[in-house]
Amino acid sequence: MKSLLLAAAFSAVAFSATAQEVKRPEFPFTTEKAYDAGKVAPYKGKHAAAYKYIDANKAAHIENVQRWVRQRSISAQNDGVNDMANMLIADLKALGFKEAELAPTKRHPGVWGYYDAGAKTTIAVYMMYDVQPIEPVGWNVDAFAGTIVEDHALGRVLMARGATNQKGPQRIFLNALEAIIKAEGKLPVNIMLLAEGEEELGSPHYPDLIAKYADRLKQANGGVLFPMMGQTLAGGVQMSLGVKGNIYFELEAQGGPQGGPKDAEIHSSLKAIVDAPGLRLAQAIASLTSPDGNVITVPGFYDSIRQPNQEEQELINGVLPAWEANEAAMQKSLGVEKWIGGMTGREAITQYLFNTTLNMDGIWGGYSGEGTKTILPHKFTAKFDSRLVPNQTPDESERLIRAHLDAKGFTDIKLTRLSGYPPAQSSVKEPLVQAVIGTYRKYGITPSVMPRLAGSAPYYVFTDILKMPIVSAGIGYGAGAHAPNEFIVIDPKPGTKVAGITEAEKFYVDVVHAVAKR
């Protein structure tokens, strides 16, 4: 027994030493040069006929957005997804798209559309038509009623699931295309649109859709546009040129040969002689990070991370003053008292954008109701996500985690990958990006240009597979994505610095023309 205790003590010390040796990556900068979006010339085009059409058809355009958010399309529950796909197809046909068709996948279908304007420039448009499930409490309105709220603090708003993520800005973009077609006869660019119904599931089959239309999409010499409401409450825009990747997985401990009840819970008194899967999972999870949860102790997990390149450093230098000015307000809005270790400024923004993560999203098993229930559960499960940065891949990340668990003796812990894709990024020098910046400048906005979002989206299918730049763009304001009372501003209150729906549509009119001109 003494030898076993000594071995256990030695193992604990060895693990502690290993954890101490691993450190969070550092990202030293080699330049003080800062990118200045204010040097991009504002777009000077004027499209009065399209603007007039937008003003005259405001009510109908609001109804278009309401019609979209009223159609349920919860991908996780297969609730209304096909109906939403067919609504999108019908709307594309009504706009004059010569091609508008359902693109089946192994789960929810995509939608392909092509508008042939006979133009020299072709823009690809990424869309998603699915939404998150509805929370059981917290909504002030029916989440799928498409309610106009007149007395919101920001003015007149549309409150509904999908209002800002992403049905609202996407239908606003189509409203803008309608205005150009009706007022000018046709678009100045060709449009290839490929929408998915599984973005909220991690886009597992979007690569299949890309593969089906790859030969067509490669003709999109204007790049890829993702309509999105981009303004902050202060009226500014944080423009991101890329995204982190992601791997989402489950870890599960269940009784069986390793120990513990296999098929059902048993009385907790048996813990004296029976292993507990829940405690075993807890130990496996604890082995993945330092005790504070802030250093990933999986060997090699940090090794492939690429340092910020020259362009990325210049972009960070350009947005650093705005980050520092907003840091305290950001923490307050998040309900966070401080960043890890009290970091601030450059260290905080570089860790946020260039470091990888390992986060536990949820854990369950056993009894969690009121009062007591003395049981020894047979199974516990936890969900994790890891945000991936340049040079990290889902496959390698999964391999490293699996190898680590095995090396620590947790071969019985089941690892199930649910989704994953690599990071993606476009250069600020791309003509598409410059056209969008120029359009923001026309509207009196000099965007803060970030190298990437810290969140994830399947942009890699465009940047890596098709070798095309992609950028999200749009003005207007929305909030509450994935939460109760999601909304977009339709008519801002006087003095509010965000755009309403008509100005948001005019912005897209200008973006389309600006890309055509470049």
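Every number in my numbering is 16 more than the matching position in the sequence shown, counting from 1.
Positions of the beta carbon are idealized from the N, C-alpha and C atoms, including for glycine.
Through-space distance from residue j to residue i, alpha-carbon basis
i, j, result
"residue 115", "residue 153", "41 angstroms"
"residue 462", "residue 432", "44 angstroms"
"residue 535", "residue 78", "The structure shown has nothing for residue 535, since the chain only spans 17 to 534."
"residue 164", "residue 519", "18 angstroms"
"residue 106", "residue 526", "25 angstroms"
"residue 396", "residue 269", "5 angstroms"
"residue 207", "residue 111", "11 angstroms"
"residue 382", "residue 297", "13 angstroms"
"residue 265", "residue 133", "44 angstroms"
"residue 428", "residue 274", "7 angstroms"
"residue 388", "residue 190", "55 angstroms"
"residue 464", "residue 109", "37 angstroms"
"residue 447", "residue 478", "16 angstroms"
"residue 445", "residue 333", "17 angstroms"
"residue 311", "residue 38", "7 angstroms"
"residue 225", "residue 145", "14 angstroms"
"residue 411", "residue 417", "10 angstroms"
"residue 361", "residue 352", "16 angstroms"
"residue 267", "residue 414", "12 angstroms"
"residue 401", "residue 424", "21 angstroms"
"residue 326", "residue 474", "25 angstroms"
"residue 502", "residue 155", "9 angstroms"
"residue 121", "residue 384", "38 angstroms"
"residue 319", "residue 304", "16 angstroms"
"residue 272", "residue 294", "13 angstroms"
"residue 93", "residue 223", "22 angstroms"
"residue 386", "residue 359", "39 angstroms"
"residue 4", "residue 468", "Here the chain comprises residues numbered 17 to 534, so residue 4 is not present and cannot be evaluated."
"residue 167", "residue 350", "25 angstroms"
"residue 252", "residue 347", "19 angstroms"
"residue 499", "residue 363", "30 angstroms"
"residue 247", "residue 490", "8 angstroms"
"residue 45", "residue 441", "19 angstroms"
Residues of its chain near residue i, where Cβ-Cβ distance is below 7 angstroms and the 5 sequence neighbours each way are ignored
i, result
"residue 371", "40, 41, 405"
"residue 150", "159, 177"
"residue 56", "450, 453, 454, 457"
"residue 118", "101, 105, 125, 127"
"residue 529", "61, 63, 204"
"residue 228", "119"
"residue 286", "392"
"residue 512", "170, 171"
"residue 356", "310"
"residue 212", "126, 144, 219, 222, 225"
Beta carbon of residue i nearer than 9 angstroms to that of residue j
i, j, result
"residue 497", "residue 505", "no"
"residue 438", "residue 261", "yes"
"residue 170", "residue 509", "yes"
"residue 343", "residue 51", "no"
"residue 485", "residue 240", "yes"
"residue 195", "residue 67", "yes"
"residue 125", "residue 97", "yes"
"residue 214", "residue 91", "yes"
"residue 236", "residue 69", "no"
"residue 11", "residue 203", "The structure shown does not extend to residue 11, since the chain is modelled only from 17 to 534, so the question has no answer here."
"residue 130", "residue 533", "no"
"residue 292", "residue 393", "yes"
"residue 243", "residue 472", "no"
"residue 435", "residue 217", "yes"
"residue 183", "residue 517", "no"
"residue 398", "residue 180", "no"
"residue 143", "residue 209", "yes"
"residue 53", "residue 376", "no"
"residue 531", "residue 137", "yes"
Cβ distance (whole Å) where residue i is taken to contact residue j below 8 angstroms
i, j, result
"residue 492", "residue 245", "4 angstroms"
"residue 160", "residue 86", "6 angstroms"
"residue 300", "residue 421", "6 angstroms"
"residue 466", "residue 257", "7 angstroms"
"residue 43", "residue 323", "6 angstroms"
"residue 379", "residue 284", "About 19 angstroms separates the two Cβ atoms, so there is no contact after all."
Nonlocal neighbours in the same chain, by C-beta distance under 6 angstroms from residue i, ignoring five residues either side
i, result
"residue 187", "80, 81, 84"
"residue 192", "521, 524, 525"
"residue 95", "88"
Beta-carbon contacts of residue i that lie in its chain and below 8 angstroms, excluding the five residues immediately before and after
i, result
"residue 470", "260, 368, 369, 403"
Within-9 angstroms CB hit, residue i to chain D
i, result
"residue 227", "The displayed structure is made up of one protein chain only, and chain D is not part of it."
For a minimum of 3 consecutive residues, which ranges assigned as the beta strand (DSSP E) are wholly contained in the region 327–386?
375–380
Could I get the ranges of all uninterrupted beta strand (DSSP E) runs contained in the region 411–442, with 3 residues as the minimum, in chain order?
430–437
Any chance you could list the beta strand (DSSP E) runs of at least 3 consecutive residues sitting entirely within the region 463–524, in chain order?
The region 463–524 is shown to contain whole beta strand (DSSP E) runs of 3 or more residues at 464–466, 486–489, 503–508, in chain order.
What runs of the beta strand (DSSP E), each 3 residues or longer, lie entirely inside the region 115–159?
Listed in chain order, the complete beta strand (DSSP E) runs (minimum 3 residues) inside the region 115–159 are 115–119, 126–131, 138–144.
Whole alpha helix (DSSP H) runs in the region 191–250 with 4 or more residues, listed along the chain?
Residue ranges of uninterrupted alpha helix (DSSP H) with 4 or more members, entirely inside the region 191–250 and ordered along the chain, are 222–233.
List, from N- to C-terminal side, the beta strand (DSSP E) runs of 3 residues or more that fit wholly inside the region 79–119.
115–119
Quick check for students: name the residue ranges of the alpha helix (DSSP H) that lie wholly in the region 251–317, counting only runs of 4 or more.
293–302
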